[in-house]
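Under the UniProt record's numbering, the residue at position 210 of the sequence shown is numbered 210, and the numbers go up by one with no gaps.
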Amino acid sequence: MKCRNIFSFKVYKPKLYLPITTHKHYSRGQALSLMDTGSASNNLGRDNMERKRCIFWLPKKNRFCSNSPLNGSSFCGNHSSRSYEQWIPCPIDPSHSVLEQNLKGHVKRCPLLKQAQSLSLQPFYQKGINAGSDGEEQEEEERLGVDGSRLPIMTVSSEMKRNAVNKMSVTEFCNLIDKIESLHESLCKDIQDSFQMPDVCSLWIKTRVEERKLPFQEKHISQQASIVGNLENIGVLKKSLGRKSSECEEADEEEEDSAPAVIEFGAGRGYLTQMLADCYGIERVFLVERKSYKLKADRSLRQNESLMLERLRIDIEDLDLNAVESLQGVPFVAIGKHLCGAATDLTLRCCFPPKNRKDNSEPCNAKSNFGGLAIATCCHHLCQWKHYTNKRYFSDLGMTKKEFHAITWFTSWAVDANHGSESDLPDTSDCRSHLQSIKEQSNGYANGVEKVIADMEAAKRASLGFKCKWIIDMGRLMWLREHGLDAKIVKYVPSTISPENHLLIAR
1 MKCRNIFSFK VYKPKLYLPI TTHKHYSRGQ ALSLMDTGSA SNNLGRDNME RKRCIFWLPK
61 KNRFCSNSPL NGSSFCGNHS SRSYEQWIPC PIDPSHSVLE QNLKGHVKRC PLLKQAQSLS
121 LQPFYQKGIN AGSDGEEQEE EERLGVDGSR LPIMTVSSEM KRNAVNKMSV TEFCNLIDKI
181 ESLHESLCKD IQDSFQMPDV CSLWIKTRVE ERKLPFQEKH ISQQASIVGN LENIGVLKKS
241 LGRKSSECEE ADEEEEDSAP AVIEFGAGRG YLTQMLADCY GIERVFLVER KSYKLKADRS
301 LRQNESLMLE RLRIDIEDLD LNAVESLQGV PFVAIGKHLC GAATDLTLRC CFPPKNRKDN
361 SEPCNAKSNF GGLAIATCCH HLCQWKHYTN KRYFSDLGMT KKEFHAITWF TSWAVDANHG
421 SESDLPDTSD CRSHLQSIKE QSNGYANGVE KVIADMEAAK RASLGFKCKW IIDMGRLMWL
481 REHGLDAKIV KYVPSTISPE NHLLIAR
């Protein structure tokens, strides 16, 4: 007898809705040619009206933006043209902008509001303590919003800096370049190479390579080792600390002379600190970083039972070192390899409490808990006049805030392409002869500075960019010396490894 399966069900097969692929894909060149010929409104417009998507071309993804356009526009909110008078940085997180009239409502529902509130409750949080409050930036009055509320001073973006440079006259531009050449020639003398590779670091690297435990590119190894080696050269780190205390008869005596705490600013994943802790037996480590990262070195560091590790998740601008309970009364060494732009200036201020800064009328006592520092400067195009430590230095050189921002923008030319080593670039005489020819032909540049820059050779732009980097860093160096520190600036790796090869060291 054949049994009927009472548990048989009809299988439901849902319909599969495939994405619409009828719209035509344009290459970047095709898109630009269509726009140039004026047929973009007929071709791109009709095509994107059908699929209702933004027509902004994304070259890296080789496609158009997939966001929905704004009403009455062919572009989405991210790619529509913005007026800097209407869009302002969010006071909670300046990485995104909001319309000025929407600011009051946005700050109540910003996705990062809860995170910012929790971070602000930390005992060592003090809003803007390291932002630069020496009184010189009071010229930048805070703007009033539409509702009468005070708005934060807008960060000067690279685009705004470029536009300001392009608005210069050809004569003003040439005079500024000539001033940069003269300043570099007089200020940046006898800068030495200091490529270090301590024996203890070399042994550490060899072991890691053999065990395949290097979670980063090998070029970072030489940078980290040289930073550590330069600290050792100025006497901040003791060579004998590379050995275990049980192997050193006088370890206890020498540990008393060493800095028992290391603070890595802009720590990221913390691999610079890991090399320092493994090679020199550091006992206390503080990692300062405002973002969260995966694959951090923390797990490996915590396996060392003799090491005390503390990660401070906070913006350097708001960090009060005096309020860190476990750091009170403890000498420290400050290090940093990822301090982009103004982060270097924020770190320098952070190392010295406000009462110990030269800005104030009180006596300067910078060496209270400070043991030394080694900071690799980079991304000078992100520097801001508001945060720069030594505004007086630029003012004494006859430089204005506008010229400072122009100089910071010029620094991007040093790293925008492969120009070989810095020593292969044109010298000052070549650049000045080029400037003279521009001045003589100033009437021929109808399009102004933008045309002058476009006609400059890439090598000459790169040479100018490197000189601007040195001028900015020399101001920081002088600021450290004004605080009674023995400070200098060196090239810590060859420019073939990284064009960002300036290292500020002090004790």
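Just so you know, even glycine gets a beta-carbon here, dropped at the ideal spot from N, CA and C.
8 Å CB neighbourhood of LEU187 in its chain, flanking five on each side removed: Here residue 187 corresponds to residue number 187 of the sequence shown, with the count starting at 1. Excluding residues within five positions, the ones whose Cβ falls inside 8 Å are TRP470, ILE471 and MET474.
Inter-residue spacing [alpha-carbon to alpha-carbon] between LEU503 and ARG53: Reading the sequence shown from its first residue, position 503 is the one you call residue 503. Reading the sequence shown from its first residue, position 53 is the one you call residue 53. Roughly 47 Å between the two C-alpha positions.
GLY72 versus ILE55: straight-line alpha-carbon distance, rounded: Working through the sequence shown from its first residue, we reach residue 72 at position 72. Working through the sequence shown from its first residue, we reach residue 55 at position 55. Rounded to the nearest angstrom, the two C-alpha atoms are 13 Å apart.
CA-CA distance, CYS279 and ASP199? As a working note, residue 279 is residue 279 in the sequence shown. As a working note, residue 199 is residue 199 in the sequence shown. When rounded, the distance between both Cα atoms is 10 Å.
Please state whether DSSP places ASP93 in a helix, a strand or coil. Along the sequence shown, one-based indexing puts residue 93 at 93. In this structure, ASP93 counts as coil in the three-state DSSP scheme.
Which one or two residues does DSSP pair with VAL333 in a beta bridge? Position 333 of the sequence shown holds residue 333. Paired residues: VAL262 and GLY372.
Roughly how far, in whole angstroms, is the beta-carbon of ASP190 from the beta-carbon of LYS491, given that I think they are within contact range, below 8 Å? Here residue 190 refers to the residue found at position 190 when the sequence shown is read from its first residue. Here residue 491 refers to the residue found at position 491 when the sequence shown is read from its first residue. Going by Cβ atoms, the distance from ASP190 to LYS491 rounds to 12 Å, so no, they are not a contact pair.
Compare the beta carbon distance of GLU372 and GLU264 with 8 Å and say whether it is the shorter of the two. Numbered from its first residue, the sequence shown carries residue 372 at position 372. Numbered from its first residue, the sequence shown carries residue 264 at position 264. Here the sequence assigns Gly to residue 372, which means Glu is not the residue at that position. Contact: no.
Return the residue from the list ALA225, THR496 and GLY398 that minimises the CA-CA distance to ASN175. Residue numbering aside, residue 175 sits at position 175 when the sequence shown is read from its first letter. If we check each option's Cα against that of ASN175, GLY398 comes out closest.
So for TYR271, helix, strand or coil by DSSP? Translated into the one-based positions of the sequence shown, residue 271 becomes position 271. TYR271 falls in the helix class under three-state DSSP.
For the beta strand (DSSP E) containing LEU287, list its first residue and its last residue. The residue labelled residue 287 in the question sits at position 287 within the sequence shown. That run of the beta strand (DSSP E) goes 284-288.
Which of the three DSSP states is assigned to ASP193 in this structure? Translated into positions along the sequence shown, residue 193 becomes position 193. In this structure, ASP193 counts as strand in the three-state DSSP scheme.
DSSP beta-bridge partners of HIS502: What you label residue 502 is simply residue 502 of the sequence shown in a count that begins at 1. DSSP lists THR377 and LYS491 as partners of HIS502.
Starting from the Cα of LEU327, find the closest Cα among PHE124, GLY281 and ARG208 and give me that residue. Here residue 327 corresponds to residue number 327 of the sequence shown, with the count starting at 1. It is PHE124.
Closest by CA to ARG392, which one among SER74, ARG476 and LEU295? Translated into the one-based positions of the sequence shown, residue 392 becomes position 392. Minimum Cα distance to ARG392 is reached at ARG476.
Given LEU99, which residues of its chain have a CB within under 7 Å of its CB, disregarding the five upstream and five downstream residues? Here residue 99 refers to the residue found at position 99 of the sequence shown. Result list for LEU99: GLN86 and TRP87, in chain order.
Cβ of ARG507 versus every heavy atom of the ligand HEM: is any distance shorter than 7 Å? The ligand HEM is not part of this structure, which contains no ligands at all.
Paired residues, beta bridge with GLU310 - DSSP: Taking the first residue of the sequence shown as position 1, residue 310 is located at position 310. In DSSP, GLU310 forms a bridge with PHE286.
Which same chain residues end up closer than 7 Å to PHE75 when comparing Cβ atoms and leaving out the 5 residues on each side of it in sequence? The sequence position of residue 75 within the sequence shown is 75, counting from 1. Answer for PHE75: CYS54, ILE55, PHE56 and PRO69, listed in chain order.
Give me, in chain order, the residues of the same chain whose beta-carbon lies closer than 8 Å to that of SER169; leave out the 5 immediate sequence neighbours on both sides. For the purposes of this step, residue 169 is taken as residue 169 along the sequence shown, with counting starting at 1. Around SER169: GLY448 and VAL449.
Taking just the CA atoms, how far does VAL330 sit from VAL236? Translated into the one-based positions of the sequence shown, residue 236 becomes position 236. Translated into the one-based positions of the sequence shown, residue 330 becomes position 330. Their Cα atoms are separated by approximately 15 Å.
Check whether the Cβ atoms of ILE227 and ALA376 sit closer than 8 Å, and answer yes or no. In the sequence shown, residue 227 corresponds to position 227, counting from 1. In the sequence shown, residue 376 corresponds to position 376, counting from 1. Yes, the Cβ-Cβ distance between ILE227 and ALA376 is below 8 Å.
DSSP puts ILE88 in a beta bridge; with which residues? Within the sequence shown, numbered from 1, the residue matching residue 88 stands at position 88. VAL98, per the DSSP bridge assignment.
Where does ARG109 fall in DSSP's three states? Translated into positions along the sequence shown, residue 109 becomes position 109. If DSSP states are grouped into helix, strand and coil, ARG109 belongs with the helices.
For the candidate residues GLN217, GLY270, ARG162 and CYS383, whose alpha-carbon lies nearest to that of SER300? Residue numbering aside, residue 300 sits at position 300 when the sequence shown is read from its first letter. Looking at the Cα atoms, GLY270 is the closest of the given residues.
For the candidate residues ARG284, ARG109 and ILE314, whose alpha-carbon lies nearest to that of SER120? Walking along the sequence shown from the start, residue 120 turns up at place 120. That would be ILE314, whose Cα lies nearest to the Cα of SER120.
Name the one or two DSSP bridge partners that PHE64 has. Locating residue 64 in the sequence shown gives position 64, counting from the first residue. In DSSP, PHE64 forms a bridge with TRP57.
Mind reading off the beta-carbon distance from GLY465 to PHE410? Whole number of angstroms is fine, and I expect it under 8 Å. The residue labelled residue 465 in the question sits at position 465 within the sequence shown. The residue labelled residue 410 in the question sits at position 410 within the sequence shown. Right, the Cβ-Cβ distance comes to about 5 Å (below 8 Å), so this counts as a contact.
When you compare each of ALA414, LEU485, ALA487 and LEU480 to GLU457 by their alpha carbons, which one comes out closest? Taking the first residue of the sequence shown as 1, we reach residue 457 at position 457. Out of ALA414, LEU485, ALA487 and LEU480, ALA414 has the C-alpha closest to the C-alpha of GLU457.
Sequence-distant residues of the same chain with beta carbon closer than 7 Å to SER118, five excluded per side: Taking the sequence shown and counting its residues from 1, the one referred to as residue 118 is at position 118. Same-chain partners within the cutoff: there are none.
Cβ-based burial, HIS380 [other Cβ within 10 Å; buried from 16]: The residue given as residue 380 occupies position 380 in the sequence shown. HIS380 should be labelled buried.
Quick one: what does DSSP say TYR280 is sitting in, helix, strand or coil? Taking the first residue of the sequence shown as position 1, residue 280 is located at position 280. Note: TYR280 maps to helix in three-state DSSP.
Does DSSP put ILE6 in a helix, a strand or coil? The residue labelled residue 6 in the question sits at position 6 within the sequence shown. With a pLDDT of only 44 at ILE6, under 50, the local geometry of the prediction cannot be trusted, and no value is derived from it.
Quick one: what's LEU339 bridged to in DSSP? On the sequence shown, position 339 is the one that residue 339 refers to. Per DSSP, THR377.
Distance between ALA406 and ARG162 (C-alpha atoms, nearest Å): In the sequence shown, residue 162 corresponds to position 162, counting from 1. In the sequence shown, residue 406 corresponds to position 406, counting from 1. Roughly 7 Å between the two C-alpha positions.
What number of angstroms, rounded off, separates the C-alpha of LEU339 from the C-alpha of GLY266? Here residue 339 refers to the residue found at position 339 of the sequence shown. Here residue 266 refers to the residue found at position 266 of the sequence shown. Those two C-alpha atoms are separated by around 6 Å.
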